[in-house]
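Worksheet: one structure, shown below.
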Amino acid sequence: MKTIQRKYAILTILLSFAIPLHAQTVNTDAVTKYWELTRLLKQNIPLTDKQWDDFIAIDGNKTYAESEFTTERLANYRKAIEIVYMPKNDSLLQVRLKQKNWYCILAKRYKDEELQLKAYLADTVLNPAYFNNAYQYVYEYLPKKAQHHIDGLKLYYNCLSNDAVSYPQGLFFSLLSVIDNAKAKTGTLEAHELHHRLRPNLDFDSTRVSNAHAEGLLWAINTIPNEGIADMIDKPAELQQTDDPHGIADWLLDAAPATLKSLDSCIQLMAVNKTTGLEKVRFYRNMLKGTVGHMPGFYMARVIVKNGYKKQMVNRSYDPFEFFYLYYEAAKKDEDHPYQFSAASISYLKALRRMIYR
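Mapped onto mature numbering (1 follows the signal peptide of the UniProt record, and there is no 0), the consecutive letters of the sequence shown carry residue numbers -23 to -1, 1 to 335.
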């Protein structure tokens, strides 16, 4: 306990200013402020609206909150924090937990694991090798020319959710997502998000496609390999954990064959210009079950790697169409018989690619 407290005391001193680590800056202001506010709540002192608004306005929170929360959801999360941390609300907390209220469950984890989170954060900030390791993990899935540090990269840590996201302003991580990921392999979550920044991309201009109804399909073609290849950095280690605590198999693998079958059917319809209902990005978001490409991307990447096409996948990762071509070849070789796209679909994707990159 004293060791953790000593580490956190050092951490607090360091976090009075931004900490540069090899061309990047780690910002944990949002985390520090969260613990300040919850310390008040533990004394049954409610938050004022100004305190909450100032908290959300912190750089590590603002961008993430504006993108991932509605006003209603953010208010619900604030209420959950007040229920969890204020002792006078314990009876209400028990009711909410029985109701499986997600925000209360989330806030309770932040409360129960506070010391572990502080210790992990202290070790992270005090150890420059942490981010060097993350770069080494990401390089395994990047072509040689893309293997470099990102000048001016900002990494923000917060306690708003259990997620990690890449935005133009920087990489945003919730502490729970980081510590959960570290139980499988430390630093791979940061590496996953770094991959989104470092993976080179061809000029993917959908306006060059003569068939305007292809907008949704092109979104899917781009996002599936974007997440699928990056998932190979962190998801295999999570999948190997005893009892798959993060539900990777259920979330990303089990539903993939049926999703690929649906996608294949849509592509075949597009090929004969039967596009009614298939035009919108929303249609494909629903098809991918809100995973933004993680499913079936991870499933497809595993099949590609398993059947000896990892090098090609990495070296051609700048071109999302190549991911589908490689999966097509890998699936034909795979003895477990994963879902195979039709030849007609692959032919249409090649025609679509010629329009995109002409």
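We put the beta carbon where it would ideally sit given N, CA and C, even for glycine.
As the structure is a prediction and not an experimental result, all values here were calculated from the model.
| field | CA nearest to the CA of Tyr261, picked from Ile333, Ile244 and Ser138 | value | Taking Tyr261 as reference, the option from Ile333, Ile244 and Ser138 with the minimal CA-CA separation is Ile244.
| Element boundaries [beta strand (DSSP E), containing Val3] | Gln1 to Asn4 is the extent of the beta strand (DSSP E) around Val3.
| task | Could you check the C-alpha separation between Ala7 and Leu92 for me, to the nearest Å? | result | 17 angstroms
| Is the Cβ-Cβ distance between Asp208 and Phe108 less than 8 angstroms? | no
| query | Among His126, Lys160, Ile198 and Lys77, which residue has its Cα nearest to the Cα of Gln218? | reply | Lys160
| request: Under 7 angstroms Cβ to Cβ from Val115, same chain only, skipping five residues before and after it: list those, please. | output: Ala168, Leu171, His172, Leu175 and Ile210
| Can you check whether the CB of Leu166 is closer than 8 angstroms to the CB of Val155? | yes
| request: Just list the alpha helix (DSSP H) runs in the segment 187 to 248, keeping only unbroken ones of 4 residues or longer that don't cross its boundaries, in chain order. | output: 192 to 216 and 233 to 248
| Can we say the segment 291 to 303 touches the segment 246 to 261, given the rule of at least three CB pairs closer than 8 angstroms? | Result no; under three Cβ-Cβ pairs closer than 8 angstroms.
| said: If I follow the unbroken alpha helix (DSSP H) through Val280, where does it start and stop? | reply: His271 to Lys283
| said: Within the continuous alpha helix (DSSP H) that includes Phe150, where are the two ends? | reply: Careful: Phe150 lies outside any alpha helix (DSSP H), inside the beta strand (DSSP E) at Gly147 to Ser151.
| Grouping DSSP H, G and I as helix and E and B as strand, with all else coil, what is Ala308? | helix
| said: If you measure between the beta carbons of Leu216 and Thr236, is that distance less than 8 angstroms? | reply: no
| Spatially closest choice to Met247 from Asn38, Leu326, Asp30 and Tyr112, by CA coordinates | Leu326
| C-alpha distance - Ala321 paired with Tyr305, whole-angstrom precision | 12 angstroms
| field | Residue interval of the alpha helix (DSSP H) (run including Asn110) | value | Ala106 to Tyr116
| field | Span separating the alpha-carbon of Val3 from that of Gly129 | value | 11 angstroms
| message | What would DSSP say about residue 401, mapped onto helix, strand or coil? | response | Because the chain spans -23 through 335 in this model, residue 401 falls outside it and cannot be assessed.
| said: Our contact map puts Tyr54 next to Tyr87 with C-beta atoms below 8 angstroms; I'd like the distance itself, whole angstroms only. | reply: Wrong, their Cβ atoms sit about 11 angstroms apart, outside the cutoff.
| field | Close-in-space but distant-in-sequence residues of the same chain around Ser143 (CB under 7 angstroms, 5 per side omitted) | value | The beta carbon of Ser143 is closer than 7 angstroms to those of Glu170, His173 and Arg174 in its chain, skipping five residues each way along the sequence.
| request: Compute the Euclidean distance between the alpha carbons of Leu51 and Gln71, then round it to the nearest angstrom. | output: 21 angstroms
| Between the Cα of Ala84 and the Cα atoms of Lys95, Lys56, Phe46 and Pro213, which residue gives the shortest distance? | Selected option, being the one with the closest Cα: Lys56.
| query | Asp202 and Tyr316: beta carbons closer than 8 angstroms? | reply | Looking at the sequence itself, residue 202 is Pro, so the reference to Asp does not match. In this structure, Tyr316 does not lie closer than 8 angstroms to Pro202 by Cβ.
| said: Using a 10 Å radius around the Cβ and a threshold of 16 neighbouring Cβ atoms, would you call Ala34 buried or exposed? | reply: exposed
| task | Look at the alpha carbon of Leu132 and the alpha carbon of Val249, and state the distance between them as a whole number of angstroms. | result | 46 angstroms
| message | DSSP three-state label for Leu119, please. | response | coil
| request: Would you mind sorting Arg16 into buried or exposed? The rule is 16 or more other CB atoms within 10 Å of its CB. | output: Counting of Cβ neighbours within 10 angstroms places Arg16 among the exposed residues, the total staying below 16.
| field | Residue from Asp89, Gln76, Asp26 and Lys121 with nearest C-alpha to Lys288 | value | Lys121
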